[in-house]
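What follows is a short report on a single structure.
Protein chains in written order, with our numbering: chain A, 191 to 522; chain B, 3 to 284; chain C, 114 to 776.
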């Protein structure tokens with residue numbers, strides 16, 4: 191009974207969150223003084239020199255009709271709520287008109303998931319193991335070295351790490367391609383080989399930074415937990431350090447990290463803009479960035495909605511299973 | 003007073019000492035040396051361009067004839083300022099809202115949770131790109147910091163809330179409650195110290211995250227064009243191809259500064275925690 | 114056991130982390146030494162051995178074609194519409210090799226002479242006396258890539274398709290211009306325009322970059338229900354190449370030469386064979402990746418780089434060269450000069466010519482020039498017209514006496530002559546002092562650095578600002594009793610020449626004493642702010658010059674097209690409202706470009722624009738366009754200028770017949 195009430199309320203919160211977030215994303219870009227039609231004309235002009243004034247006028251009104259930017263903001267909003275939110279149809283992309291947004295995202299999403307999902311999970315596992323060891327056995331030399339390395343890499347700006355990897359491994363050593371080129375000719379093996387080869391450096395750069403953060407946060411959690419009374423008490427009782435680490439410190443500090451992992455997994459759908467830009471990796475992150483620069487409202491909405499839904503769902507799941515892994519919390 | 007400082011220094015561990023010194027150096031660079039009279043470091047052609055380090059220009063000059071060391075000092079000042087404002091707003095607001103939600107429960111909790119969650123689920127970098135391209139880069143240090151702070155409070159708030167939820171079921175809280183302490187008092191005396199460690203590391207991380215976000219925006223060309231920040235400095239150097247023309251001091255110094263600044267903060271905080279636990283243990 | 118595994122894992126990770134850090138730290142020495150990859154080493158050895166030895170054979174590109182048969186060309190941005198080759202569908206990225214290799218143009222341009230010639234058309238159009246009826250002959254012998262002959266039917270069909278499909282961008286405009294387009298016989302087309310239209314070939318043939326009239330095969334397009342929704346994924350073309358494969362994500366397109374290239378447009382026009390079997394257009398990402406790719410021979414032609422990049426690339430790979438082998442490396446003949454534009458629709462003081470002249474005289478161009486491209490580039494201080502070498506001969510030199518005598522009234526009874534013809538000699542000396550070998554021949558210097566710039570005269574500038582209504586107080590400048598500040602904006606991250614010019618101008622004006630906000634804009638707002646006039650002073654480039662007849666260059670400056678700030682008009686975003694200029698544009702509209710009066714009116718327009726200075730130019734378009742001759746050579750260059758280095762223009766198809774494999 192209690193659970194059902196808790197679940198109902200939590201689910202309502204979830205829906206509200208998604209709705210507010212998406213409404214936010216709908217209105218913000220449209221309030222800005224940037225216009226997909228002007229951007230498109232600007233791009234045509236910058237490539238082809240000046241356009242005849244009469245032609246520009248004609249083109250402008252034509253594009254406005256085609257892009258569905260004629261109605262009032264409220265009308266557009268309700269159309270969007272009906273189509274986008276309920277049917278996941280975001281309409282045509284404006285920069286790739288008339289290809290539907292969904293189709294384009296569908297093309298990029300697998301690449302993003304392939305890269306980010308793997309790296310996020312690996313980074314989480316490695317980071318937490320190292321962090322736990324470092325936090326639990328603070329005074330060991332190995333813990334100190336590991337932690338030292340982590341805190342030296344973590345603060346270096348993200349794209350600098352990517353850049354260094356690119357210069358060293360792709361340019362100087364020539365082991366990997368400088369830019370992602372995916373060979374779409376031939377069979378699956380050819381395609382996958384070229385994808386794998388192109389993904390290693392982006393993955394490595396994301397791993398390095400990701401691991402660093404997990405080490406640092408886990409270490410601090412483990413450090414705090416291992417000073418709690420129940421740990422000290424366990425020590426007095428003569429329980430072995432290994433068992434204390436596993437049963438007391440690990441179990442207690444991993445809870446926070448599980449929440450964090452769920453959120454990061456949700457965040458995977460948003461892509462990783464900087465890595466994608468440096469390596470030219472096809473992903474949702476750079477897709478959003480391009481959409482923003484081209485004021486492709488539909489594309490911005492599509493990408494960010496997916497990301498919002500993913501993260502909210504992840505938090506929802508965490509909140510629902512949290513009471514099962516942490517018995518101290520009850521549903522209320 | 004003096005005695006206390008001496009005693010503190012005697013008891014402090016190496017991490018704490020090193021962290022203190024490193025952080026102090028940056029604070030001095032950013033908020034003391036910065037105010038020494040000097041020419042506007044942004045001005046082009048102040049000096050001959052592309053000089054190697056000399057006694058006059060410790061880190062050489064840029065391709066535009068700017069003195070790298072003063073550029074760096076001003077960048078540290080501005081980035082530190084942005085980082086600190088964002089981290090302060092984010093941590094204070096986050097802890098306050100998190101505790102409020104966690105302990106008040108009921109409708110207050112639900113509303114706060116919805117708001118917090120909304121800010122968590124909206125991916126921040128795209129929105130920052132949107133906001134900054136809207137502001138056309140006209141923003142100042144303060145505006146930039148406020149925009150970044152918009153997203154800095156939600157995550158700590160959520161973490162603190164779940165921490166509070168887990169804690170209010172614990173025995174020592176119940177004991178306190180039964181002994182007649184009010185919620186506010188319980189929060190202040192029992193919870194805050196506990197959340198303090200976490201908040202400190204969150205503060206450090208928020209500072210760094212803010213500086214890193216600013217850098218990302220700068221690399222995308224969205225930081226204000228004449229704001230001298232660590233990110234913009236890296237970006238200007240990159241635009242003039244400093245990596246391949248081997249102008250290491252120009253491109254390297256802001257990167258190194260970011261890293262050292264972080265390590266200093268990190269050592270300070272871990273050292274302080276160790277110091278506290280040592281004191282408690284005694 | 115588990116513990117042991119954990120420790121092991123931890124150690125491995127630690128090793129990786131430490132290793133990466135070390136490699137990262139040793140990066141400086143790594144790049145300075147000759148540690149460039151194998152291919153480069155081989156290549157440099159070969160050139161050192163003297164002469165052109167064979168390019169490395171047996172290598173394959175990443176798309177599975179033999180490297181020595183593939184010409185790799187960079188495209189600066191990925192396409193948003195992969196697999197879409199119909200030029201009449203929304204958003205097709207023509208610059209991704211589509212119009213360079215496949216499109217059929219009515220008239221093409223000889224970029225060296227600045228003259229048009231017929232591609233699909235056989236010669237220039239013949240018009241009646243009042244320019245309403247035009248007869249066009251179609252070239253015989255051109256075949257589509259499926260073997261069908263290209264005839265007048267295809268041309269007529271293309272025009273009518275545009276005029277009947279409202280979904281095509283040019284639809285409304287074509288309906289304004291054309292009364293009818295009819296076939297006379299298989300190789301003759303008659304066009305009737307609604308009004309007198311003396312510039313048919315200029316408007317519907319290529320002058321700059323390309324043109325949006327591209328002839329399509331009637332036998333394919335007439336079968337489509339809706340041509341605006343027809344992707345044309347396997348295009349049938351008249352150009353010398355067809356699509357072999359493309360990337361679904363828009364990063365590359367691979368083209369293959371037609372078996373029957375003799376029957377393609379290029380084959381029929383020149384009789385020469387495009388030499389590369391494959392042309393691979395690819396996007397290479399940011400500047401770092403672009404230069405690394407060229408150094409590693411992973412690309413043969415880059416679009417445009419900065420001098421800093423060129424310096425690094427030529428130092429690391431001796432096969433990389435630019436338009437000139439030595440200084441100044443770049444060509445200054447791109448028809449778009451960069452400088453600063455004023456949003457005159459915003460009112461005072463920006464709409465006051467004294468203010469604009471004040472800005473011009475308050476800036477030291479010698480320093481600006483150093484800050485943009487280290488002094489490289491031909492100065493082009495003039496508004497609207499770009500000082501290309503042709504323009505310098507046709508428009509600048511004839512008015513030079515006038516220009517040198519031209520005076521500005523400073524408002525306090527004194528005058529100043531703003532033109533400074535000493536720039537070329539001065540900058541040459543500065544560069545000589547830096548160790549460059551610069552000619553001493555005056556004419557060469559004038560061609561290299563331009564006829565002159567605006568004088569640096571802060572005292573005169575101050576008087577002009579006061580004349581324009583500004584006040585100078587102890588704490589800076591005031592206007593209408595308020596402290597005077599304004600924004601200067603530039604487009605971030607691309608267009609280095611324009612961005613650096615604005616930054617340098619900001620620096621100059623700050624030194625002069627103004628309080629300015631320097632605004633770096635993303636492309637999200639840049640174009641919109643231009644057309645709505647939402648800026649104060651910006652690094653926009655509403656300039657050009659390609660043919661002697663300047664009508665198509667200046668018709669946007671027609672004062673009648675101006676709309677209030679905030680609205681979107683079709684004229685220039687700067688909103689220069691000048692009666693005399695408008696009058697000249699109206700007169701030119703009905704004159705034939707060949708009429709001598711056109712040229713006189715052009716000169717008149719030019720002088721008037723200089724007096725009013727709606728735009729302050731810095732340099733003409735300076736393009737560093739590097740090529741890599743490891744696998745291919747005989748690129749157009751200053752020593753062999755058979756064409757301009759415009760890989761992104763539709764004339765590239767003619768360049769492909771000259772670029773030869775290294776034997």
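Note that the Cβ used here is the ideal one computed from N, Cα and C, for glycine as well.
As the structure is a prediction and not an experimental result, all values here were calculated from the model.
Pairing CB atoms from the stretch 452-465 of chain A with CB atoms from the stretch 114-132 of chain B, are three or more of them under 8 Å? yes
Counting only the same chain and skipping the five closest in sequence on each side, list residues whose C-beta sits under 7 Å from that of residue 504(C). Locating residue 504(C) in the third chain gives position 391, counting from the first residue. Closer than 7 Å at the Cβ level, and outside the excluded window around residue 504(C), lie 498, 658.
Would the beta-carbon of residue 220(C) fall within 8 Å of that of residue 231(C)? Locating residue 220(C) in the third chain gives position 107, counting from the first residue. Locating residue 231(C) in the third chain gives position 118, counting from the first residue. Yes.
Roughly how many whole angstroms lie between the Cα atoms of residue 644(C) and residue 87(B)? Here residue 644(C) is taken as the residue at index 531 of the third chain, counted from 1. Here residue 87(B) is taken as the residue at index 85 of the second chain, counted from 1. Distance between the alpha carbons of residue 644(C) and residue 87(B): 37 Å.
If you measure from the beta carbon of residue 204(C) to each beta carbon in chain A, is any gap under 8 Å? Residue 204(C) sits at position 91 when you count from the first residue of the third chain. Output row for residue 204(C): interface = yes.
For residue 115(B) and residue 271(A), the rounded distance between their alpha carbons: Walking along the first chain from the start, residue 271(A) turns up at place 81. Walking along the second chain from the start, residue 115(B) turns up at place 113. Near 23 Å, if we compare the C-alpha coordinates of residue 115(B) and residue 271(A).
Would you check if the stretch 461-474 of chain C and the stretch 697-708 of chain C touch, i.e. whether three or more CB-CB distances between them fall below 8 Å? Put simply, the stretch 697-708 of chain C does not touch the stretch 461-474 of chain C. Fewer than three CB pairs are less than 8 Å apart.
Start and end of the alpha helix (DSSP H) containing residue 479(C)? In the third chain, residue 479(C) corresponds to position 366, counting from 1. Segment 478-486, the alpha helix (DSSP H) holding residue 479(C).
From the beta carbon of residue 223(B), is the nearest beta carbon of chain C less than 8 Å away? Within the second chain, residue 223(B) is the residue found at index 221, counting from 1. Using a Cβ-Cβ cut-off of 8 Å, residue 223(B) counts as an interface residue toward chain C, since at least one Cβ of chain C sits closer than that to its own.
Nearest by alpha-carbon distance to residue 689(C): which of 646(C), 582(C), 480(C) is it? Here residue 689(C) corresponds to residue number 576 of the third chain, with the count starting at 1. Shortest Cα-Cα distance from residue 689(C) to any of 646(C), 582(C), 480(C) involves 646(C).
Indicate whether residue 33(B) and residue 79(B) have their beta-carbon atoms separated by less than 8 Å. Against the second chain, residue 33(B) aligns to sequence position 31. Against the second chain, residue 79(B) aligns to sequence position 77. Result yes, Cβ atoms of residue 33(B) and residue 79(B) sit closer than 8 Å.
If the cut-off is 9 Å on Cβ atoms, which residues from the stretch 431-456 of chain A count as contacting chain B, listed in chain order? Close to chain B, meaning a Cβ-Cβ distance shorter than 9 Å, are the following residues of the stretch 431-456 of chain A: 445, 446, 449, 450, 453, 456.
Using a Cβ-Cβ cut-off of 7 Å (strictly less than) and excluding sequence neighbours within five positions of residue 145(C), which residues of its own chain qualify? Taking the first residue of the third chain as 1, we reach residue 145(C) at position 32. Note that residue 145(C) scores a pLDDT of 34, beneath 50, so its modelled location is shaky and nothing firm can be said.
For residue 173(C), count the other beta carbons within 10 Å of its own beta carbon; 16 or more makes it buried, fewer makes it exposed. Which is it? Residue mapping note: residue 173(C) aligns to position 60 of the third chain, counting from 1. Looking at its Cβ environment, which holds fewer than 16 other Cβ atoms inside 10 Å, residue 173(C) is exposed.
CB-CB under 8 Å to residue 200(C), same chain, minus the five flanking residues each way: which ones, in chain order? As a working mapping, residue 200(C) is identified with position 87 in the third chain. If we look at residue 200(C) and ignore the five residues flanking it on each side, its Cβ neighbours are 207, 211, 212, 216, 325, 327, 329.
Buried or exposed by the 16-neighbour rule on C-beta atoms within 10 Å, applied to residue 7(B): Position 5 of the second chain holds residue 7(B). Residue 7(B) is exposed by the Cβ-count criterion.
Can you check whether the C-beta of residue 335(A) is within less than 8 Å of a C-beta belonging to chain B? Numbered from 1 along the first chain, position 145 holds the residue referred to as residue 335(A). Not closer than 8 Å to any Cβ of chain B, the Cβ of residue 335(A) fails to qualify, so no.
Find the residues of chain C that neighbour residue 207(B), judging by a C-beta separation of less than 9 Å, and give them in chain order. What you label residue 207(B) is simply residue 205 of the second chain in a count that begins at 1. Residues of chain C passing the Cβ test: none, with the nearest at roughly 19 Å.
Once you ignore the five residues that flank residue 456(C) on each side, which residues in its own chain have a CB closer than 8 Å to its CB? For the purposes of this step, residue 456(C) is taken as residue 343 along the third chain, with counting starting at 1. Excluding positions up to five away in sequence, the list reads 463, 646, 647, 648, 649, 650, 651, 678, 686, 687, 688.
Starting from the Cα of residue 338(A), find the closest Cα among 280(B), 274(B), 265(B), 21(B) and give me that residue. Within the first chain, numbered from 1, the residue matching residue 338(A) stands at position 148. Checking every option, the nearest Cα to that of residue 338(A) belongs to 265(B).
Could you have a look at residue 177(C) and say whether DSSP puts it in helix, strand or coil? Looking up residue 177(C) in the third chain gives position 64. Coil at residue 177(C), not helix or strand.
With a threshold of 8 Å between beta carbons, is residue 275(B) in contact with chain A? Numbered from 1 along the second chain, position 273 holds the residue referred to as residue 275(B). Judged by the 8 Å Cβ criterion, residue 275(B) is in contact with chain A.
Scan the stretch 45-66 of chain B for residues whose Cβ lies nearer than 9 Å to a Cβ of chain C and list them as they occur along the chain. 45, 46, 47, 51, 65, 66
How would you write the range of the alpha helix (DSSP H) that residue 148(B) sits in, first residue to last? In the second chain, residue 148(B) corresponds to position 146, counting from 1. It spans 143-151 - the alpha helix (DSSP H) in which residue 148(B) sits, taken as one unbroken run.
What does residue 247(B) touch in chain C if you count any residue whose Cβ is under 8 Å from its own? Within the second chain, numbered from 1, the residue matching residue 247(B) stands at position 245. Residues of chain C passing the Cβ test: 421, 424, 425.
Could you give the DSSP three-state label for residue 454(C): helix, strand or coil? Looking up residue 454(C) in the third chain gives position 341. Residue state for residue 454(C) is assigned as strand, using DSSP reduced to three classes.
Could you tell me which residues DSSP puts in a beta bridge with residue 732(C)? Here residue 732(C) refers to the residue found at position 619 when the third chain is read from its first residue. Residue 732(C) is bridged to 451(C), 492(C).
Length of the line joining the Cα atoms of residue 256(C) and residue 238(B): What you label residue 256(C) is simply residue 143 of the third chain in a count that begins at 1. What you label residue 238(B) is simply residue 236 of the second chain in a count that begins at 1. Cα to Cα, the separation comes out at about 52 Å.
Residue nearest to residue 605(C) in terms of C-alpha spacing, selected from 721(C), 587(C), 636(C): For the purposes of this step, residue 605(C) is taken as residue 492 along the third chain, with counting starting at 1. Nearest option by C-alpha distance: 636(C).
So is residue 264(B) in contact with chain A if we call contact Cβ pairs under 8 Å? Position 262 of the second chain, counted from the first residue, corresponds to residue 264(B). Taking Cβ atoms only, chain A reaches closer than 8 Å to residue 264(B), which makes this a yes.
Determine the contact status of residue 716(C) and residue 494(C), defining contact as a CB-CB distance below 8 Å. Taking the third chain and counting its residues from 1, the one referred to as residue 716(C) is at position 603. Taking the third chain and counting its residues from 1, the one referred to as residue 494(C) is at position 381. No, these two residues do not count as a Cβ contact at 8 Å.
Any contact of the stretch 151-165 of chain B with the stretch 98-108 of chain B, i.e. 3+ C-beta pairs under 8 Å? yes
Could you tell me which residues DSSP pairs with residue 631(C) in its beta bridges? For the purposes of this step, residue 631(C) is taken as the residue at position 518 of the third chain. In the DSSP output, where bridge partners are listed per residue, residue 631(C) has 601(C).
Mind listing, in chain order, the continuous beta strand (DSSP E) runs of no fewer than 3 residues lying wholly within the stretch 328-402 of chain C? 354-359, 365-370, 391-395
What's the gap between the Cα of residue 104(B) and the Cα of residue 243(B)? Locating residue 104(B) in the second chain gives position 102, counting from the first residue. Locating residue 243(B) in the second chain gives position 241, counting from the first residue. C-alpha separation (whole angstroms): 51 Å.
Skipping 5 residues on each side, what residues in its chain have a beta carbon closer than 6 Å to that of residue 439(A)? Here residue 439(A) corresponds to residue number 249 of the first chain, with the count starting at 1. The answer, listed in chain order, is 326, 412, 415, 416.
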